[in-house]
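Some notes on the structure that comes next.
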Amino acid sequence: MGADIAPGVPADLPPVVERHGQVVAAGDQRATLADFRPDRIGQLVASAALPDRMSGSEVLSIAPGDGGLMTAHIRYSGVDGERIVLRSRWIRLPQGWRVSDVRNVPDTPPVLAPVELDGLDAPHWAAAREGELRIQRCGGCGEWIWAPRPICPACHGFDLDWPVVAPEGRIFSWTRTWQPFAPEVRGHLPYVVVLVELPAAGGRRVLGVLRDADGADIRIGLPVRGDFDPPASPAAVPLLRWRIS
Numbered sequence: 074m075g076a077d078i079a080p081g082v083p084a085d086l087p088p089v090v091e092r093h094g095q096v097v098a099a100g101d102q103r104a105t106l107a108d109f110r111p112d113r114i115g116q117l118v119a120s121a122a123l124p125d126r127m128s129g130s131e132v133l134s135i136a137p138g139d140g141g142l143m144t145a146h147i148r149y150s151g152v153d154g155e156r157i158v159l160r161s162r163w164i165r166l167p168q169g170w171r172v173s174d175v176r177n178v179p180d181t182p183p184v185l186a187p188v189e190l191d192g193l194d195a196p197h198w199a200a201a202r203e204g205e206l207r208i209q210r211c212g213g214c215g216e217w218i219w220a221p222r223p224i225c226p227a228c229h230g231f232d233l234d235w236p237v238v239a240p241e242g243r244i245f246s247w248t249r250t251w252q253p254f255a256p257e258v259r260g261h262l263p264y265v266v267v268l269v270e271l272p273a274a275g276g277r278r279v280l281g282v283l284r285d286a287d288g289a290d291i292r293i294g295l296p297v298r299g300d301f302d303p304p305a306s307p308a309a310v311p312l313l314r315w316r317i318s
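So for the sequence shown, the working numbering puts the first residue at 74; every next one is plus one.
Now the structure itself:
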């Protein structure tokens, strides 16, 4: 095996990782599932996105990781020439080495599936396609409004506009998702969704995906700054990404 094996990697792990790559590439589901942590099979079974038809695998590296886990990178080749790298983290259990988590690399946040727009939020998404964050506001009383409404909830006025808001705020709440609840998130687990409070919009809170969140120390109150990724397709919408600033 021509992999880059770092100091501190137990001698019995590389053969296990190499065999794991081979059974995955061969499509041997039973052997693949046997390599997963028993308490995370449901999480791991659809975590990664691989070529539809594979021709082989190659272990690129194994090194000690965080929390006593061992980190392995395996490249899988498709029959059509496609190459995909997975990063798996391994833990030694009483029954032997097992995969604790796995994801595609590079670390890319998931995209959104196409959504049905109801018209009220059309100015928000139009601005997002231009890289701007616009939040609804009442021109009469100055009330900031999110989610969008047809009338102001404070003064019941109809004079509503959409000023540009600085995409800066603090994390009000957050969650790290480990389960592949939709096809769009395969290969991107885990990912972190944050609810960000915007001082420039009267403290209104918007959702977005946190960039570079794999293993990040996330806390309520951390300052973040956002920007928009372009939509993955004409039917999709831009996605607001946040970075810890």
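Backbone N, C-alpha and C define an ideal beta-carbon position, used for all residues, glycine too.
- For W219, same chain residues with a beta-carbon under 6 angstroms away, outside a window of 5 residues either side, are I208 and R277 in chain order.
- Using a 10 angstroms sphere on the CB of G230, the tally of other CB atoms stays under 16, which defines it as exposed.
- Within the DSSP secondary-structure output, V178 pairs in a beta bridge with V158.
- Nearest in C-alpha terms to R316, of all of P83, A79, P226 and A286, is A286.
- When DSSP states are grouped into helix, strand and coil, V96 belongs to the helix group.
- Looking at the DSSP output, Q209 shares a beta bridge with I218.
- Secondary structure at V266: strand, using DSSP grouped into helix, strand and coil.
- Burial check for G294: the Cβ neighbour count within 10 Å stays below 16, so the residue is exposed.
- Cβ atoms of A136 and P311 stay farther apart than 8 angstroms, at about 36 angstroms.
- Counting along the chain, the unbroken beta strand (DSSP E) around P296 starts and ends at P296 to D302.
- Counting along the chain, the unbroken alpha helix (DSSP H) around L117 starts and ends at I114 to L117.
- In this structure A239 is exposed. Its beta-carbon is surrounded by fewer than 16 other beta-carbon atoms within 10 angstroms.
- In the three-state DSSP reduction, W251 falls in the coil class, being neither helix nor strand.
- Residue range A195 to R202 is occupied by the alpha helix (DSSP H) that includes W198.
- By alpha-carbon distance to D112, the top candidate from L166, S161 and I157 is L166.
- In the DSSP assignment, the residues bridged to E131 are R148.
- Contact fails between the segment 140–160 and the segment 100–116, because fewer than three Cβ pairs, one in each stretch, are under 8 angstroms apart.
- Around the beta carbon of D85, fewer than 16 other beta carbons lie within 10 angstroms, which makes this residue exposed.
- DSSP, read as helix, strand or coil, puts R278 in strand.
- Put simply, of D174, G129 and L283 the residue whose alpha carbon is nearest the alpha carbon of V152 is G129.
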